[in-house]
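Remarks on the structure that follows.
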Amino acid sequence: MTVTEIGSPRKRKEDQRLITGRSRYTDNMVLPGMLHLAAVRSPFAHARITGVDTSAAVAAPGVVTVLTGADVAETQGSLPNAWPITPDQVAPPHPAIAVDRVTFAGEIVAVVVARSRHEAQDAADLVDVDYDELPVVLDLEEAEKDDVLAHPDLGTNRSAFWVFDSAEAGTGGDVEDALAAAGADDQILLERTYYQQRLIPAFMEPRSTVVDPTADQITMWSSTQVPHILRLMLALTLGIPESKVRVIAPDVGGGFGGKLQVTPEEVITMLAARRTGKPCKFTETRSESLMAAHHGRGQVQRLALSARRDGTVTGLKVQLLADMGSYLGLVTSGVPILGAFMFPAIYKFPSYRFECTNLFTNKAWTDAYRGAGRPEATFAIERLMDDLAAELDMDPIELRRKNWIAHEEFPFTTVCGLEYDTGNYEAATARALELFGYDELRAEQRRRRDDGDPVQLGIGVSTFTEMCGLAPSRVLGSLDYGAGGWEYAQVRMLPTGNVEVVTGVSAHGQGHETAWSQIVADRLGVPFDDVQVLHGDTAIAQRGLDTYGSRSLAVGGMAVVAAADKVIAKARVIAAHMLEAADDDLEFTDGRFTVRGTDQGVALGDVALATFAAHDLPDGVEPSLDSDATFDPENFSFPHGTHLAAMEVDTETGQVTLRSYVCVDDVGTVINPLIVEGQIHGGLVQGIAQALFEEAVHDESGTLVTGSFVDYLVPSAADVPSFITDRTETASTTNVLGVKGVGEAGTIASTPAIVNGVIDAVRHLGVDDILMPCSPGRVWAALQGADKGRGAEAAVPTVNSPEVADRDIASTGAVQTGTDQGEQQ
């Protein structure tokens, strides 16, 4: 009987070592003679460095050397930015160690190298740095004015200005015409400003790096998502031949985009190891991680939407201010551009214009964070659709139905020029409404309003799609990205019939070892346990573009499929020879070649052994079944779904309770439902956390005041309810398995669902906006200011303002959840 692995809820192979403590993280590495690094970081967000006295630190016990910016100025290069989104993009040099000026609080100004970690940390406290403090710019709307400059030598805070216009691109009409027509009696113009607060990728394992320079090839172990990209960028930045650098990503305790980077610490550890000739290790503290690892999000979103009074949308204009922070990281400048293609979402906008201004501020730089540009866009358009529904007194579901792409219209080319290959928004929404009990909850909401209940009920809606499986190389090239979007794999047949799979994607929690084993087991007809997956080491997986953007399965998995198919093609020739039959007469099923119409056959394992022995191979056939493949996708994949949240708001205290949450997602073919559920659950929690808990807050001098988990509120399992989840399935047509991405879906959809629910609970009281996170303090303030105008404007003037930090940070955690509600599937 055939056992089909694809679709089977296999427990993860990885979990055996992870849950028994046999995993090996970078900080577990101990090498002979290894030295330890500790960083001296600036307490100021903007200052000139007028002196660095390292004498006391150098004399401290165990210290080998102290490196300053001046010591490495000629060798450290500039950290890379791989995505110059415009030809005139402005970017300051990005040193690993600041030389003469610091531009954010937490920037490294010196590094102590010592024989133990504690000796290095003690000596770091002895480094005396003199600063001449400079004015700071922290707020995006202030940065836009250029009155105070994050980098005075640049003469502006503007890094780049990027535009997409549907009329100019030929993908739609002129949005200015649509907005101008909205003054007519049968049309409406809606203008809103939304804010995306800064978030911190609070991965479980802080960043850690070990470098061993003692062999001919320098080896770096790093807690990274991108070992191949890191290897290339280290070689380019430091002028080392790429062949002399090996990068290994061992077990990695989470990334969420936060480890998609070439970090100052990685460069510094490499410099220290080469200078001392000894292995060196740097492992950051949690406070360092929160303060100086790159942040995510950080946007001001100004939107204008035109629509007919029957609810049909006619135009969308987006003017975005995006916070780069103090420098450009690896893909910093391109993150908001990814969102440009997702603002129209699932809706048939006939005209669209997107303008993005990338601005520098004196804060840690931003870069990829789970979803990278797409959650920001989805939040804005889903908030806007709810606001439009309220303005027209329509049910938000009905408004969406009126405007979304119908299932029979696929494939559909959007106003952005993307071709959505498949989807069925109707089916996902219908199932979500059924599981949620939408009509019953609406009836309860009406009763509570009529009764004047102090605890009001709100229903949050989010219908979304995302572009993932990043990405066709030609598309990335058209967007000026510095690399392609292909992926590499190799399938190796061992003489025993066992299989080794080498993959260019590098897992940090996604379950690649399990899913890839399932794919290969089905493709080659071998037992699941006979497949070994190798990854994360550039000396083993010699090519690859690594893991981010929900690309692992839709791109990396397809490379595995292609390599496995090449193995079958090679084996077919040898099997035909063994069976004295023609190639075309063979069928391959369940790991066995058979001669069509007969019972003659040979197992793939027997072919592998015969190939290894090479005693009797066809003329001209080499003795190997091993096969390589590189897959470059022809399109993105477009998962979608409908998420619904029931929110209760105590109007007397501002307390918010998440009562129940339902999501129905369409991620195409599911390889392993357990892994998919895990990805959805984790994504939901991160998106809910943005809506209710998390925010990177700086005081007026630029110091991060949420620099520990006491103040930066990462939710635990007790802080969120169980989720009701389900799936519909429309297979992707752009890959042979029909799969779509899943890693970021939950994060993208959940944030607007939660905030829409909070607003829906209090909109009838005059509140139509509240800044995230929607803490009790902010909700209460919005309710008190409801008669003074839009709720958020009355409550909080701007994102990351001193008023927010002073007033609201202590109350952010007082959000309650109905953990006894719902059913976890």
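Just so you know, numbering that gives the first Met the number 0 puts 322 at position 323 of the sequence shown, and the rest follows in order with no gaps. Even glycine gets a Cβ: it sits at the ideal position worked out from N, Cα and C. All values derive from a computational prediction rather than experimental measurement.
Buried versus exposed call for V330 [16 or more other C-beta atoms within 10 Å across all chains shown]: buried
DSSP three-state assignment for I5, whether helix, strand or coil: coil
Buried or exposed by the 16-neighbour rule on C-beta atoms within 10 Å, applied to N863: A query on residue 863 cannot be resolved here, the shown segment of the chain reaching from 0 to 824 and no further.
N- and C-terminal bounds of the alpha helix (DSSP H) containing H576: M557 to L578
At least three beta-carbon pairs within less than 8 angstroms, the stretch 34 to 41 to the stretch 93 to 109: yes
Where I247 falls: helix, strand or coil (DSSP): strand
Cβ contact (3+ pairs, closer than 8 angstroms) linking the stretch 581 to 591 and the stretch 530 to 543: no
Closest residue to E140 among T236, P31 and G297 (Cα-Cα distance): G297
Among C415, Q455 and V460, the one whose alpha carbon lies nearest that of A431: V460
Touching by the beta-carbon criterion (3+ pairs, under 8 angstroms), the stretch 159 to 166 and the stretch 341 to 352: yes
Anticipated Cβ contact below 8 angstroms, I458 with D759, distance rounded: 5 angstroms
For D420 and N671, believed in contact at Cβ under 8 angstroms, the rounded distance: No, N671 and D420 are not in contact; Cβ-Cβ is about 23 angstroms, not under 8 angstroms.
First and last residue of the uninterrupted alpha helix (DSSP H) at M269: P263 to T275
Outcome for R369 when other beta-carbon atoms lying within 10 angstroms are tallied against a minimum of 16: buried
Whether H697 touches L153 by CB criterion (9 angstroms): no
Rounded separation between F359 and S325 - CA only: 5 angstroms
Cβ contact (3+ pairs, closer than 8 angstroms) linking the stretch 721 to 740 and the stretch 543 to 559: yes
Classification of S54 by the beta-carbon crowding that lies within 10 angstroms, buried from 16 upward: exposed
Cα-Cα separation, V147 to L133: 10 angstroms
Presumed contact (8 angstroms Cβ cut-off) between E486 and F630, rounded CB distance: 6 angstroms
Rounded separation between G619 and K565 - CA only: 17 angstroms
Helix, strand or coil at G484 according to DSSP, with G and I counted as helix: coil
V71 (DSSP reduced to helix, strand or coil): helix
Residue environment, L178, which counts as buried when at least 16 other CB atoms sit within 10 Å: buried
Other residues of its chain near A580: CB distance less than 6 angstroms, five sequence neighbours each side excluded: V594
Cβ-based burial, E283 [other Cβ within 10 Å; buried from 16]: buried
Residue(s) in a DSSP beta bridge with S842: Residue 842 lies beyond the residue range present for the chain, which begins at 0 and ends at 824; the question has no answer from this structure.
Secondary structure of F527, DSSP reduced to three states: helix
C-alpha distance - K10 paired with Y194, whole-angstrom precision: 40 angstroms
Within 9 angstroms, strictly: CB atoms of V519 and V525: yes
F342, buried or exposed, once every other Cβ within 10 Å from all chains shown has been counted against 16: buried
Distance CB(V89)-CB(S158) smaller than 9 angstroms: yes
Reduced DSSP secondary structure (H/G/I, E/B, other) of R191: strand
C-beta atoms of F592 and A609 nearer than 9 angstroms: no
Residues that DSSP places opposite K831 in a beta bridge: The structure shown does not extend to residue 831, since the chain is modelled only from 0 to 824, so the question has no answer here.
L691 and P772 closer than 9 angstroms at C-beta: yes
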